[in-house]
Amino acid sequence: MGLLSLAIWMPIAFGVLLLALGRDEQARSVRWIALIGAVASFLVTLPLYDGFKLGTAAMQFVEKTSWIERFNVNYHLGVDGISLWFVLLTAFINVVVVIAGWEVITRRVNQYMGAFLILSGLMIGVFSALDGLLFYVFFEATLIPMYLIIGIWGGPNKIYAAFKFFLYTLLGSLLMLIALIFLYTKSGGSFDLATWYKLPLGGTTQTLLFFAFFAAFAVKVPMWPVHTWLPDVHVEAPTGGSAVLAAIMLKLGAYGFLRFSMPIAPDAAREWAWLMVALSLIAVIYVGLVALVQQDMKKLVAYSSVAHMGFVTLGFFIFNDLGVSGGLVQMIAHGFVSGAMFLSIGVLYDRVHSREIASYGGVINTMPKFTAFALFFAMANCGLPATAGFVGEWMVILATVKANFWLGLLAATALVNLMPENPYLAYNQSLAQFSNVLNFHGLTALVDSLWPFLALAYLSALGLWRGEHLAARPGKALRNL
């Protein structure tokens, strides 16, 4: 079994094992098995990074086996400089989520941990698949564990949020399935992505394919105006679910644009780039303004994620190397920072049971370690130089200015003035101020604890190192991408 297969099926195997341990009396053993499985799955991905060869665009660590021979469907895996980073990020975030849920989840612990491990393997499958049907199976299969995570461990309106999440993403994917079947027929019976890239397609055909893929991937990103499911889902999802959704699952849509829409329908992608740029700028500016008025911390971060992902799609459809590279860096940085922000909110909610910003103040007096982490992640989200949050957005702005000065000015103005940095700073200032604690009822509950400390420490270390690495050696970083 190759490294990519191990990275996919090891967490799934551990997840199935955990599902077999069906009693909460075994919760302690379940937690340790989940942690061992998550760490082992992450360690399996490290040789991918170490053995990856720079200077080539060819797929590496390729595995290919016949799956459904009658229809020429293959179990075909491989990674390049784009997908490698998301395989590593997915495996790492899974470790953090298991650690973050160590003390918080006390009901159906085996199912909770098992769902996240299975979800991790499926998402790695999405980033590794080089067969169209295999990609679709992994892409749709990720909905099932996340649907269960929201529906079982979510908030009061969890059923509504779970159905909304499932229906939005599933309906968008149906058009993609039609596009995949068309490409299979057009290519003479092949689901191989490399074969699809070489197909001579007319302008109308490319346009139809582009919008079929758009229906699936725009909902997943999500882009404006199909973003309305995300705040509801984030508010109702448990902390781990929100972290994985923001850090990894949103990236599936942006990755799909790079892997399917742009190479299969390149002429249509350029023809409709103005629309993608317009929707991206609306997400950056308008949704950023919506975030400004949010009083619920989860909604604030959810809307800001839409705005941040707007920079990603903006960079992609500017159509220059710097913009695409900046979009990829922004995706990776957002994976670290957004996941950490939701974990920080979860730490507070688990103690005070309120997500309202007005409920907190002076938290540094009782949780100094946590406040330091929360402030760091807020600054990274603002794009503080030397953090991972700065490099990607700056690269996208430079690329946009290079393509069109006025579009670059809009993107830069949004970054400086309209992005939801001010609420982030206000929120963390309320955490960090040295006044009396505003929520006296929750005072005794606001204490630092080991497991959230470990989870946030891992994320902050990588967020800082990744930003320093990319800022200090941009040339090497871009070659890796």
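Numbering (the numbering used here), first residue to last: 1 to 481. Where is the CB? At the ideal position from N, CA and C, for every residue including glycine.
### Query
Which of helix, strand or coil does DSSP assign to valine 30?
Within the sequence shown, numbered from 1, the residue matching residue 30 stands at position 30. The answer is helix: DSSP assigns valine 30 an H, G or I state.
### Query
Between which two residues does the beta strand (DSSP E) harbouring isoleucine 68 extend?
Taking the sequence shown and counting its residues from 1, one reaches residue 68 at position 68. 60–68 is the extent of the beta strand (DSSP E) around isoleucine 68.
### Task
Kindly provide the ranges of any beta strand (DSSP E) runs that are 3 or more residues long and lie completely inside the region 55–140, ordered along the chain.
60–68, 73–79
### Task
Give a yes or no on whether the C-beta atoms belonging to alanine 302 and histidine 353 are separated by under 8 Å.
Position 302 of the sequence shown, counting from 1, holds the residue named residue 302. Position 353 of the sequence shown, counting from 1, holds the residue named residue 353. No.
### Message
Let me confirm a value: aspartate 50 is counted as buried when at least 16 other C-beta atoms fall within 10 Å, else exposed. Which label applies?
### Response
For the purposes of this step, residue 50 is identified with residue 50 of the sequence shown, where counting begins at 1. Classification of aspartate 50: exposed, given that the 10 Å Cβ count is below 16.
#### Entry: Residue closest to leucine 495, alpha-carbon to alpha-carbon, out of Gly151, Thr65, Ala372, Ala91
This structure leaves residue 495 out entirely; the chain is present only between 1 and 481.
### Query
Do isoleucine 282 and tryptophan 224 come within 8 Å of each other at the CB atom, strictly closer than that value?
As a first step, residue 224 is located in the sequence shown; it is residue number 224 there, counting from the start. As a first step, residue 282 is located in the sequence shown; it is residue number 282 there, counting from the start. Yes, the Cβ-Cβ distance between tryptophan 224 and isoleucine 282 is below 8 Å.
### Query
Counting Cβ pairs, one atom from each stretch, are 3 or more of them under 8 Å apart for the region 315–329 and the region 271–285?
yes
### Message
DSSP has aspartate 192 in a bridge; who is on the other side?
### Response
As a position in the sequence shown, residue 192 is number 192, starting the count at 1. Paired residue(s): Asp131.
#### Entry: Extent of the continuous alpha helix (DSSP H) to which tyrosine 286 belongs
The residue given as residue 286 occupies position 286 in the sequence shown. It is not in any alpha helix (DSSP H) - tyrosine 286 carries neither H nor E in the DSSP assignment.
### Message
With a threshold of 7 Å on Cβ separation, who are the neighbours of alanine 57 within its own chain once the five nearest residues in sequence on each side are excluded?
### Response
Position 57 of the sequence shown, counted from the start, is the residue given in the question as residue 57. The residues are Asp80.
### Query
What number of angstroms, rounded off, separates the C-alpha of threonine 185 from the C-alpha of methionine 176?
Position 185 of the sequence shown holds residue 185. Position 176 of the sequence shown holds residue 176. Going from the Cα of threonine 185 to the Cα of methionine 176 covers about 14 Å.
#### Entry: Spatial neighbours of methionine 331 in its chain, beta-carbon cut-off 7 Å, leaving aside the 5 residues before and after
In the sequence shown, residue 331 corresponds to position 331, counting from 1. Result list for methionine 331: Lys251, Ala254, Val312, in chain order.
### Query
Distance, Cα to Cα, alanine 179 vs phenylalanine 370?
Reading the sequence shown from its first residue, position 179 is the one you call residue 179. Reading the sequence shown from its first residue, position 370 is the one you call residue 370. For alanine 179 and phenylalanine 370, the distance between alpha carbons rounds to 47 Å.
### Query
Should aspartate 192 go down as buried or exposed, given a rule of 16 or more other Cβ atoms within 10 Å for buried?
By one-based count along the sequence shown, residue 192 stands at place 192. Aspartate 192 should be labelled buried.
### Message
Tell me which residue opens and which closes the alpha helix (DSSP H) that isoleucine 332 is part of.
### Response
Taking the sequence shown and counting its residues from 1, one reaches residue 332 at position 332. Element bounds for isoleucine 332: 321–352.
### Message
Just to check my reading of the structure: isoleucine 345 and isoleucine 93 have Cβ atoms closer than 8 Å, yes? What is that Cβ distance to the nearest angstrom?
### Response
As a first step, residue 345 must be located in the sequence shown, where it is residue number 345. As a first step, residue 93 must be located in the sequence shown, where it is residue number 93. 16 Å between Cβ atoms; not a contact.
### Task
Compute the Euclidean distance between the alpha carbons of glycine 101 and proline 47, then round it to the nearest angstrom.
Here residue 101 is taken as the residue at index 101 of the sequence shown, counted from 1. Here residue 47 is taken as the residue at index 47 of the sequence shown, counted from 1. Approximately 27 Å between the Cα atoms of the pair.
### Query
So is lysine 220 buried or exposed if we call it buried at 16+ other beta carbons inside 10 Å?
Residue 220 sits at position 220 when you count from the first residue of the sequence shown. Burial call: buried.
### Task
Check whether the Cβ of valine 44 sits closer than 7 Å to any heavy atom of the ligand MN, and report yes or no.
Among the components of this structure there are no ligands whatsoever, and the ligand MN is therefore not found.
### Query
Mind checking leucine 171: buried by the 16 CB within 10 Å criterion, or exposed?
Mapped onto the sequence shown, residue 171 falls at position 171. Exposed is the call here.
### Cβ-Cβ distance between glutamine 206 and alanine 265 below 8 Å
As a first step, residue 206 is located in the sequence shown; it is residue number 206 there, counting from the start. As a first step, residue 265 is located in the sequence shown; it is residue number 265 there, counting from the start. It is a contact, given that the beta carbons lie within the stated cut-off.
### Query
Going by alpha carbons, who is nearest to valine 96 out of Arg270, Ala34, Met123, Met59?
Indexing the sequence shown from 1 puts residue 96 at position 96. Closest by alpha carbon: Ala34.
### Query
Can the beta-carbon of isoleucine 149 be found less than 8 Å from the beta-carbon of alanine 115?
The count along the sequence shown starts at 1 and reaches residue 149 at position 149. The count along the sequence shown starts at 1 and reaches residue 115 at position 115. The answer is yes: Cβ separation under 8 Å.
#### Entry: Nearest-angstrom Cα separation, counted from glycine 339 out to serine 242
As a position in the sequence shown, residue 242 is number 242, starting the count at 1. As a position in the sequence shown, residue 339 is number 339, starting the count at 1. Using only the alpha carbons, I get a separation of about 7 Å.
### Message
Just to check my reading of the structure: leucine 130 and methionine 59 have Cβ atoms closer than 8 Å, yes? What is that Cβ distance to the nearest angstrom?
### Response
Counting from one through the sequence shown, the residue named residue 130 turns up at place 130. Counting from one through the sequence shown, the residue named residue 59 turns up at place 59. Going by Cβ atoms, the distance from leucine 130 to methionine 59 rounds to 6 Å, so yes, they are a contact pair.
### Query
Is it buried or exposed for serine 305, if we count other Cβ within 10 angstroms and need 16 for buried?
Position 305 of the sequence shown, counted from the first residue, corresponds to residue 305. That one is buried.
### Task
Look at the alpha carbon of leucine 54 and the alpha carbon of tryptophan 85, and state the distance between them as a whole number of angstroms.
As a first step, residue 54 must be located in the sequence shown, where it is residue number 54. As a first step, residue 85 must be located in the sequence shown, where it is residue number 85. Answer to the nearest angstrom: the Cα atoms are 13 Å apart.
### Query
Would glycine 408 pass as a contact of valine 329 if the rule is Cβ separation under 8 Å?
Taking the first residue of the sequence shown as 1, we reach residue 408 at position 408. Taking the first residue of the sequence shown as 1, we reach residue 329 at position 329. For glycine 408 and valine 329, no; Cβs fall outside 8 Å.
### Task
Quick one: residues in its chain with C-beta nearer than 6 Å to the C-beta of lysine 64, no 5 flanking neighbours on either side, listed in chain order?
One-based indexing of the sequence shown puts residue 64 at position 64. Cβ neighbours of lysine 64 beyond the five flanking positions: Asn74, His76.
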